[in-house]
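A.B. asks: Residues 57 to 170 in the numbering used here are what the sequence shown lists, from first letter to last. Glycine included, each C-beta is placed from N, C-alpha and C at the ideal position.
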Amino acid sequence: MAHTQVSADNSVNEVVLEGRLGGVERKILPSGDEAVTFRVVVARGPRERGPSGRVAVDALDCVAWRNEVGRRVERWGDGAEVRVEGAVRRRFWQGGSGPVSRVEIEVRRVTALR
C-alpha cells in the first residue's frame with residue numbers, strides 16, 4: 057500500500073452533520089476499548105431524489121470514544137435530531153479472513169437539536 061505524506065499545515069479534517077440518530081449501540085472491542093457506534097441520517101438535498109421520488113439520504117457511520125458523548129447519544133436514542141462535530145477516520149483491525157478497515161466519523165461533540 058502506498059503511503060501519502062501530507063503537511064499538517066495544509067490539512068483540514070473537520071466534519072459537522074445535522075440529522076437523525078439511528079442504530080445506537082455500545083460495543084466492547086476485542087482490544088477491551090468501549091465505544092458507542094451510531095449513524096447520523098442526513099438528507100442529500102431537495103433536488104436529489106431516490107427512485108421512489110423521496111428525498112435521498114445518507115446514513116453516515118459514527119463512533120464516540122469519549123464516555124460523555126456516548127452516554128448522551130444512548131440517552132437520546134434512535135430518531136433524535138442532533139448536531140455532530142468530529143473528524144473522518146479510517147480504522148484498521150484484523151478480521152477472521154484478513155485485514156479489515158472502516159471509514160467513520162469520530163465524534164468529539166454532540167448536541168441535541170430538538
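1) Where does ARG122 sit, in a helix, a strand or coil, going by DSSP?
2) Looking at the strands, I want to know which residues DSSP matches up with ARG158.
3) Does the structure place the region 89-103 close enough to the region 148-159 that three or more beta carbon pairs sit under 8 Å?
4) Pull the bridge partners of ASP117 from the DSSP assignment, please.
5) What did DSSP end up calling ARG76 once you bin it into helix, strand or coil?
6) Distance, Cα to Cα, ARG100 vs VAL113?
7) According to DSSP, which residues form a beta bridge with GLU5?
C.D. replies: Reading from the atomic positions:
1) coil
2) ARG147
3) no
4) ARG95
5) strand
6) 5 Å
7) Residue 5 is absent from the structure shown; the chain starts at 57 and stops at 170.
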